[in-house]
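Q:
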């Protein structure tokens, strides 16, 4: 598991640490995200059917950005603790956005807290064409009870939190 960093403009709030991991599989990838802290004090979207849904990033969710090495196009995955998901392809930085072709996305999560401390774990199994080797970003958005958002990533570029920036894609993933 890799630690994610809280963006410098965000208050710490109830979540104290976020970690994530990803590995390529023969049919796509598997990822895991963990939030640690007072998970009962954050906004979690209600559980629903596992269907493609837009605007998941407006509340607590997890993201993967997958860019084949040497290319300018990339794929974005939004993975919600609700069980909903989204996947988009881009030709370049926020350019040419369209729904990405996905075979299946399976999400599971567990949430446990005792006396205000605990964790939320989301696991994703994604079946889709994902060229490797690739530069990958792992990100989390956490919504506080007051509606403010925290942004977590492996790395950030200068300025505001911008998950689409190549500066966030610091992990190399290869298919073995």
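Residue numbers (our numbering): 640 to 815.
Think of the CB as a built atom: it goes at the ideal place given N, C-alpha and C, for glycine as much as any other residue.
Here the structure is a predicted model, which means the values were calculated and not measured.
1. DSSP beta-bridge partners for residue 718?
2. Return yes when the Cβ of residue 663 is within less than 7 angstroms of the Cβ of residue 775, no when it is not.
3. Touching or not, the stretch 745-752 and the stretch 670-684, by the rule of three or more beta carbon pairs under 8 angstroms?
4. For the beta strand (DSSP E) containing residue 747, name the first residue and the last one.
5. With DSSP as the reference, identify every bridge partner of residue 669, one or two as the case may be.
6. When you compare only the Cα positions, how much space is there between residue 658 and residue 645?
7. Residue 679 by DSSP, collapsed to three states: which one?
8. Let me know if residue 652 comes out buried or exposed under the rule of 16 or more other beta-carbons within 10 Å of its beta-carbon.
9. Any idea what DSSP makes of residue 806, helix, strand or coil?
10. Which whole-angstrom value is the C-beta distance of residue 695 and residue 717, which I expect to be below 8 angstroms?
11. The beta strand (DSSP E) with residue 774 in it runs from where to where?
12. Judging by CA-CA distance, which residue of 742, 743, 744 and 704 is the nearest neighbour of residue 729?
A: Put simply:
1. 701 and 724
2. no
3. yes
4. 743-753
5. 662 and 764
6. 11 angstroms
7. helix
8. buried
9. helix
10. 4 angstroms
11. 773-783
12. 704
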